[in-house]
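Each remark here refers to the structure printed beneath this line.
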Amino acid sequence: MLPALTAGDGSPFSPQGGSSNVGRAVKSRRRRKSAASAPIELDEAYLRAVKKLESLPQNQSGADKSWVERAIRGWRDHYARVSR
């Protein structure tokens, strides 16, 4: 008869088990998640660059942005022809 698959504390696949990496993976994911939600600070140079780009004539309401559709279509066509 084969032994039951438990982690030593009676519960199957417990994170506290001897050879289980589940507990470490869960803790690692929690650390990454909390780090990802930390506030992001933007410096003055970056904010000036964004303001400059947003004020360009081609970024104004009503400006011709048909080139965007052509670029997206070209990108999709290119990757549709890719083979492995």
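According to numbering that gives the first Met the number 0, the stretch in the sequence shown is residues 0 to 83, in order. In this text, a Cβ means the ideal position worked out from N, Cα and C, and glycines have one as well. Quick caveat, the model's predicted, so the values are computed rather than measured.
Straight-line gap, residue i to residue j (C-alpha atoms, nearest Å)
{"i": "P56", "j": "R47", "result": "16 Å"}
{"i": "S60", "j": "K50", "result": "15 Å"}
{"i": "L41", "j": "E53", "result": "16 Å"}
{"i": "S36", "j": "R30", "result": "10 Å"}
{"i": "R28", "j": "I39", "result": "20 Å"}
{"i": "S82", "j": "A44", "result": "42 Å"}
Start-to-end residues for the alpha helix (DSSP H) that takes in residue i
{"i": "I71", "result": "65-79"}
{"i": "A48", "result": "43-53"}
Helix, strand or coil at residue i [DSSP, three-state]
{"i": "R31", "result": "helix"}
{"i": "P56", "result": "helix"}
{"i": "A24", "result": "helix"}
Any non-hydrogen atom of the ligand SAM within 8 Å of residue i CB
{"i": "W74", "result": "Summarising the ligand content, the structure contains no ligands, and the ligand SAM is consequently not present."}
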